[in-house]
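Chemist: Chains as they are written, first to last, in full-length UniProt numbering: chain A, 1 to 428; chain B, 1 to 410. Just so it is clear, CB atoms sit at the ideal spot from N, CA and C, and this is done for glycine as well. What follows is a single structure, and I will ask about it in a moment.
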């Protein structure tokens, strides 16, 4: 912590000397010592892509779904829901701090299943949040304030880049457990269990419910079962991040299987949900945060504290997206339509995976590309090395992050052959 | 044994509890003078006609989708919102030293600004820098700055209960004695909860001391246009400070003046010495946004941006805002007139001297309790009433009740 008159403070971004005394008014700025923030690596990819004039260029950094023409896709059920909502001429009064009740309820039901004992008994609390990030932030703040026994959060190696700074800023300590096996481009099950079995009691363990970001590598059901058992033995607090329900396999129940299994096994989990991808509501910021409690009395206490946390951040959440999501989830015909549309998005991704692999084979690649098909969700950890990624960018205008992660959403039937050609060229 | 066994039940936020109690009250004559939202003379929420119009435009535009906004928000919103605060011809804007962050309402703008200041103002992570808020102030100011990590939130004298006006000498005295680099939260206009604003001359005196003492001005502008009915007039203080060379933060809310409460439309305007400083500040603000909500919601920002940048829509909006401001002014005039006619003890000039949505009536807690329990008129324990809750239909009842409270309860 810096003190007012200390002469030098070494911070994470460099040395800095605070201003002392009253400086000539117009000559100086309050912000002279503010460092330029480091550029965002993913943004950097998009910037470079934009500048590229190659007509064959591909942006595989994008974390948003694209249709087979490479265009953003507004779901038909979303358009219908919007029309229904517009016809009602609703007012714009503040939502409660915890958000739109019909949304929170439906959000929890989607994750847990409508017949879930937890929902029937009323022993959980769900609040509407600013999409997945906002949900993680509220969750991290809550744990930091109330989970005082142990303030360590264990993330899988690797995890979504934003997990670390969110938890750190909330005051938690970051640790990791083995997850991805670069040799197989798959799940290091043994390594994960080994690490998890050594995690100190009461620590928080974060699990990606489905479609792991950035690897696309998910445990199989029997592996989840063993993990649930070990985690129970270690008495860890489970934090599920579910940003892709429905979007991963195309089946919302299948994608929520792990979450539901853990609850069945007696884990009182905390859960972040996002509707950015599965409803295409990215910019409307629709999400939920759920805590499964011991009983309704505890749920009431926890709810009251969540509100106290939320109020000084943004007071209450935005209506538009939550209203759209609630309308879809609570209107049978729209819900049915949504299930079909989310499956079609997932199916297109799966098809692109298969086409990429078959095209690589056609190109004559002798490498094992099975992981491209085995991985699930929007992202694929190709296994490409930084120098190969560099060549893809410079020689073929195929843009991805240095870790070899590609967004399958950026692949279309029109460009998959070119992509296979380029990947083969740099790996043969 | 649950991990959360020791989580205590938190007290509900007062202003929302008031509305909850009002909702449950079965009395046919009940009146809600609590929460700060505009109401028509029929006591209904009012969606601005221009808002309905633009909503339809957005809905009918097939080229629009729901993709992520940039982290700092919709560019057209940010720049047009800052122009509203600083003026179309603002030299600071021309000098490229004005930037902004689209945030979740005014609260979100205060939050992001507070997080930045805690990290970068007066050293690195100097949580001991005093943050001054007016006595009294919007109750969430304390929460926002405490939550951002500041340890020393102090009141500055503001409301003089005796004379029911601004305690200027107290205010200036606190400015003089504040440690250098302290942060002062200033209400740009329509002070919440007192409705009492400094005059232009008083603002000049305030600015003088702040300049001399190197104090940082953080404006909270939640009622621009709504206070006097005139956008320029309501932004005078902000523009004056900028013209005096101050670097400022200004948290803008479009909840009230656009009636967009639940779409959470806010803007943190930053005025820096020069473009270079501005860019570094924005880069750090971006990092804070990324770990708070990643990027802001698009609906409300689109709506405001389209309205502000389309001349006839902009004119229509100003007209809608004036409608709201005028109704409030009318209710103020009527309430004062009725209290005078009733011969209610005390002076009631403050009802019309005060400005904006709220009025600090001067009722004490016991009198407030009487109003709530006996008369089913809901107002804050501080004696704050929302003028928007008054209508031509209930104003007689409210005036009579105030009369009773003042004469019966001491």
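1. Looking only at its own chain, which residues have a Cβ that is under 7 Å from the Cβ of residue 25(A), when we skip the five neighbours before and after it?
2. The alpha helix (DSSP H) with residue 135(A) in it runs from where to where?
3. Could you tell me whether the Cβ of residue 291(B) comes closer than 8 Å to any Cβ of chain A?
4. I need the straight-line Cα distance from residue 234(B) to residue 328(B), nearest angstrom please.
5. Return the first residue and the last residue of the beta strand (DSSP E) that residue 134(B) is part of.
6. Could you tell me the distance, in whole angstroms, from the CA atom of residue 372(A) to the CA atom of residue 29(A)?
7. Just checking: is the beta-carbon of residue 307(B) within a distance shorter than 8 Å of some beta-carbon in chain A?
8. Using 10 angstroms around the beta-carbon of residue 137(B), count the other beta-carbons present and answer buried if the total reaches 16, otherwise exposed.
9. Just by C-beta distance, which residues in the stretch 80-96 of chain B are closer than 8 Å to chain C?
10. When you compare only the Cα positions, how much space is there between residue 294(B) and residue 360(B)?
11. Look up residue 241(A) in the DSSP assignment and give the residues it is bridged to.
12. Leaving out five residues on either side along the sequence, give the residues of the same chain with a beta carbon under 6 Å from the beta carbon of residue 409(B).
13. Are residue 58(A) and residue 419(A) touching if we call contact CB-CB under 8 Å?
14. Any beta-carbon of chain A closer than 8 Å to the one on residue 18(B)?
15. Mapping DSSP to helix, strand and coil, what is residue 32(B)?
16. Going by alpha carbons, who is nearest to residue 214(A) out of 401(A), 302(A), 324(A)?
17. Buried or exposed for residue 207(B), please, with buried defined as at least 16 other CB atoms from any protein chain shown within 10 angstroms of its CB.
18. If contact means a Cβ-Cβ distance below 7 Å, which residues of the stretch 160-187 of chain B contact chain A?
19. Rounded to whole angstroms, what is the Cα-Cα separation between residue 169(B) and residue 79(A)?
20. Going by the beta-carbon positions, is the gap between residue 315(A) and residue 125(A) smaller than 8 Å?
21. Counting Cβ pairs, one atom from each stretch, are 3 or more of them under 8 Å apart for the stretch 136-153 of chain B and the stretch 111-126 of chain B?
22. Taking its Cβ as the centre, do 16 or more other Cβ atoms sit within 10 Å of residue 297(B), making it buried, or is it exposed?
23. Which two residues bound the contiguous alpha helix (DSSP H) that contains residue 173(B)?
24. Which of the three DSSP states is assigned to residue 252(B) in this structure?
25. Checking contacts by CB at 8 Å: is residue 386(B) closer than that to chain A?
26. Name the chain A residues that come within less than 7 Å of residue 144(B), Cβ to Cβ?
27. Tell me, please, whether the CB atom of residue 8(B) is closer than 8 Å to any CB atom in chain A?
28. Which residues in chain B have a C-beta closer than 9 Å to the C-beta of residue 133(A)? List them in chain order.
29. Under 7 Å between beta-carbons, which chain B residues line up against residue 282(A)? List them in chain order, please.
30. Would you report the Cα separation of residue 314(B) and residue 308(B), rounded to the nearest angstrom?
31. Please tell me whether residue 152(A) has its Cβ less than 8 Å away from any Cβ of chain B.
32. For residue 19(A), I'd like the list of residues in its chain whose CB is within less than 6 Å of its CB, leaving aside the five on either flank, ordered along the chain.
33. Flag this pair as touching only if the stretch 213-224 of chain B and the stretch 247-258 of chain B have three or more C-beta atom pairs under 8 Å; answer yes or no.
34. Name the chain A residues that come within less than 7 Å of residue 105(B), Cβ to Cβ?
35. Per DSSP, what kind of secondary structure is residue 192(B) in: helix, strand or coil?
36. Return no unless some Cβ of chain A is closer than 8 Å to the Cβ of residue 300(B).
Modeler: Taking the geometry as given:
1. The predicted position of residue 25(A) is uncertain, since its pLDDT is 47 and thus under 50; a value taken from the coordinates is nonetheless stated next. Its chain contains no residue whose beta carbon lies nearer than 7 Å to that of residue 25(A) once the 5 sequence neighbours on both sides are disregarded.
2. 131-146 is the extent of the alpha helix (DSSP H) around residue 135(A).
3. Interface flag for residue 291(B) against chain A is set, since a Cβ pair is found closer than 8 Å.
4. Straight-line spacing of the CA atoms in residue 234(B) and residue 328(B) works out to 15 Å.
5. Element bounds for residue 134(B): 131-135.
6. The straight-line gap from Cα to Cα measures roughly 52 Å.
7. Residue 307(B) does not count as touching chain A.
8. Looking at its Cβ environment, which holds 16 or more other Cβ atoms inside 10 Å, residue 137(B) is buried.
9. Reference to chain C is not applicable here, since the protein chains of this structure are A and B.
10. One C-alpha to the other measures close to 38 Å.
11. Paired residue(s): 208(A), 272(A).
12. Cβ neighbours of residue 409(B) beyond the five flanking positions: 366, 367, 370.
13. In this structure, residue 58(A) lies near residue 419(A), with their beta-carbon atoms less than 8 Å apart.
14. So no, residue 18(B) is outside the interface.
15. Reduced to three states, the DSSP call for residue 32(B) is strand.
16. Of 401(A), 302(A), 324(A), the residue nearest in Cα terms is 401(A).
17. Around the C-beta of residue 207(B), 16 or more other C-beta atoms lie within 10 Å, and the residue is accordingly described as buried.
18. Within the stretch 160-187 of chain B, the qualifying residues are 180.
19. Answer to the nearest angstrom: the Cα atoms are 58 Å apart.
20. Against a cut-off of 8 Å, the Cβ pair of residue 125(A) and residue 315(A) comes out as no contact.
21. Yes, the stretch 136-153 of chain B is in contact with the stretch 111-126 of chain B.
22. Classification for residue 297(B): buried.
23. Residue 173(B) -> alpha helix (DSSP H) spans 168-177.
24. DSSP places residue 252(B) in strand when its eight states are reduced to three.
25. Not a single CB atom of chain A sits nearer than 8 Å to the CB of residue 386(B).
26. Taking the beta carbon of residue 144(B) as reference, the chain A residues within 7 Å of it are 312, listed in sequence order.
27. Nearest CB-CB separation between residue 8(B) and chain A: below the 8 Å threshold.
28. In chain order: 290, 291, 292, 293, 294, 295.
29. 66, 67, 68, listed in chain order.
30. In a straight line, the C-alpha of residue 314(B) is about 5 Å away from that of residue 308(B).
31. Not a single C-beta of chain B is nearer than 8 Å to the C-beta of residue 152(A).
32. Model confidence at residue 19(A) stands at a pLDDT of 41, short of 50, so the residue's coordinates are unreliable; what they give is reported in the following sentence. Within its own chain, no residue has a Cβ closer than 6 Å to the Cβ of residue 19(A) once the five positions on either side in sequence are excluded.
33. The stretch 213-224 of chain B is in contact with the stretch 247-258 of chain B.
34. The answer, in chain order, is 314, 315.
35. DSSP places residue 192(B) outside both helix and strand once states are collapsed to three, so it counts as coil.
36. Taking CB atoms only, residue 300(B) has a neighbour in chain A less than 8 Å away.
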